[in-house]
Structures are given as structure tokens and as C-alpha cells.
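To start, the structure itself, in C-alpha cells.
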Amino acid sequence: MKATEVLVEEHRVIEQVLNTLELGVKRLESGQVVRPEFFLAAMDFIRGFVDGCHHQKEEGVLFRHMEDQGIPFQGCPLGVMLAGHELGRQYTQAMIFAANSMKSGDLSANRRAKESSRSYIALLRRHIYKEDDILFPIADDVIPPDRQPSVWDDFERVEHVETGEGLHKKYLAPAKALEEEINTLP
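Okay, so the sequence shown: first residue is 15 according to our numbering, each after it adds one.
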């Protein structure tokens, strides 16, 4: 198994949360009440799992190994992916601000939560497509088979040492809880 396959599997989990977030936005648009905490829990998943673990594996490990094989860190394709990560962080901050404003009773915050959520969802779906179908095949081609164990070891370091033991388990249950919450709304 190549290290990129781990990232692809993580993309499927991220897409489940994106689908759940999108359903929350649709329910909000249809006039249903969606708790601000729903959006804050989604942002916790995004900050902890997506940005705190998944993007760290990409930026700090995979992209560095690709750079070692001659793929420049600036420009295409790595620079484009890094810019997408940064834009995602900005949307996440906007969603957190909007959800906290919703908690405070700011009626205009619903619109901001919907807009920033939709922008994030669209960005991440395009981003995941580019990584799965373009970037990861490039990585698989340029990172020699004898370097794959090193990539795996570095992924393990990110997941267990830098971000905390059991990070996947910590975020999989809340991702499922978000899905259950939004699907049980009347």
C-alpha cells in the first residue's frame, strides 16, 4: 500500500463531513433551525482532523518527499495545493466566527455561516479531486518504492507524536455524530 492511499482514505471521511455540512446548510436555507454548535463541531473536525492531521501529512511529509524528488514546493502543483489549504483555513475561521455570532443571536450570522460553509465545501471538493486524480499519481510516480517506508514513518509521526495518539479515533466518532444529528432533524 502506498502512503497516498492513506490520504485518499482520509478524503472519504472528509467528504462525509462535507456532505453533512452541506445538508446542514440546506436545512438552514429551508428555514429549519440548525444549532450553532453543529457548525462549531464541524469546524472542530476540520481544524483537528483535516487541518491538524491530514494537511500536516500532506504539507509536512508528502510534499517534502515530492520536493526531494525534484517537484518544486512553489508553483504547480504543490504551491496550488498549499494555497488551497490556506484558503480553507480562512473559510474555517469565517465559519467559526459566524457560528459564534449565531450563538449570540446575530440573525445575519446565518447568511454568513451558509456562505462560508458553501465556499469551504466547494473548495475542498475541488481540492480533493485535484489531489486524488492529479497530485497523488504524480507522488506515486516520483517517490521511489524504497522511500515509501520513510513516508509511512513520517505519517505515523504526524498522527501519533505531533498531533496526539488516536487522532483518527478522536475525530471519527464526532463526524458520525454530526451526520446523525443533521439526519434526525424534522
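Where a beta carbon is used, it is the ideal one built from N, C-alpha and C, also for glycine.
Helix, strand or coil for residue 121, going by three-state DSSP, please let me know. Position 107 of the sequence shown, counted from the first residue, corresponds to residue 121. Residue 121 falls in the coil class under three-state DSSP.
Return the chain-ordered ranges of every beta strand (DSSP E) run that is complete within the segment 76-152 and spans a minimum of 3 residues. You should have found no qualifying run.
According to the Cβ coordinates, are residue 153 and residue 80 closer than 8 Å? On the sequence shown, position 139 is the one that residue 153 refers to. On the sequence shown, position 66 is the one that residue 80 refers to. Going by C-beta atoms, residue 153 is nearer than 8 Å to residue 80.
Is it buried or exposed, residue 22, if we count other Cβ atoms within 10 angstroms and call 16 or more buried? Position 8 of the sequence shown, counted from the first residue, corresponds to residue 22. Exposed, by the Cβ-count rule.
Enclosing alpha helix (DSSP H) for residue 20 [first to last residue]: Counted from its first residue, the sequence shown places residue 20 at position 6. For residue 20, the enclosing alpha helix (DSSP H) has its first and last residue at 17-43.
Leaving out five residues on either side along the sequence, give the residues of the same chain with a beta carbon under 7 Å from the beta carbon of residue 134. Within the sequence shown, numbered from 1, the residue matching residue 134 stands at position 120. Around residue 134: 102, 105, 106 and 109.
Identify which residue in 33, 26, 74 and 126 has its Cα closest to the Cα of residue 194. What you label residue 194 is simply residue 180 of the sequence shown in a count that begins at 1. For residue 194, the nearest C-alpha among the options comes from 33.
When DSSP labels each residue in this structure, what does residue 49 get in the three-state scheme? Position 35 of the sequence shown, counted from the start, is the residue given in the question as residue 49. Correct three-state label for residue 49: coil.
Cβ-based burial, residue 50 [other Cβ within 10 Å; buried from 16]: Taking the sequence shown and counting its residues from 1, the one referred to as residue 50 is at position 36. Buried, because 16 or more other Cβ atoms sit within 10 Å of the Cβ of residue 50.
Can you tell me the Cβ-Cβ gap for residue 75 and residue 168, rounded? I've got them flagged as a contact below 8 Å. Position 61 of the sequence shown, counted from the start, is the residue given in the question as residue 75. Position 154 of the sequence shown, counted from the start, is the residue given in the question as residue 168. With 8 Å as the limit, residue 75 and residue 168 qualify as a contact, their Cβ atoms being about 4 Å apart.
Contact defined as beta carbons within less than 8 Å: I believe residue 156 pairs with residue 84. What is the distance between those atoms, to the nearest angstrom? Walking along the sequence shown from the start, residue 156 turns up at place 142. Walking along the sequence shown from the start, residue 84 turns up at place 70. With 8 Å as the limit, residue 156 and residue 84 qualify as a contact, their Cβ atoms being about 7 Å apart.
Excluding sequence positions up to five away, which residues of its chain have a Cβ less than 8 Å from the Cβ of residue 172? By 1-based counting over the sequence shown, the position of residue 172 is 158. The answer, listed in chain order, is 67, 70, 71, 74 and 75.
Distance, Cα to Cα, residue 128 vs residue 96? The residue you call residue 128 lines up with position 114 of the sequence shown. The residue you call residue 96 lines up with position 82 of the sequence shown. Answer to the nearest angstrom: the Cα atoms are 24 Å apart.
Taking the alpha helix (DSSP H) that residue 65 falls in, what are its first and last residues? Sequence index remark: in the sequence shown, residue 65 carries index 51 (1-based). Counting along the chain, residue 65 falls outside any alpha helix (DSSP H), and DSSP gives it neither H nor E.
How would you label residue 185, buried or exposed, when you count the other beta carbons within 10 angstroms and need 16 or more for buried? In the sequence shown, residue 185 corresponds to position 171, counting from 1. Classification of residue 185: buried, given that the 10 Å Cβ count is 16 or more.
To the nearest angstrom, how far is the alpha carbon of residue 112 from that of residue 35? The residue given as residue 112 occupies position 98 in the sequence shown. The residue given as residue 35 occupies position 21 in the sequence shown. Their Cα atoms are separated by approximately 14 Å.
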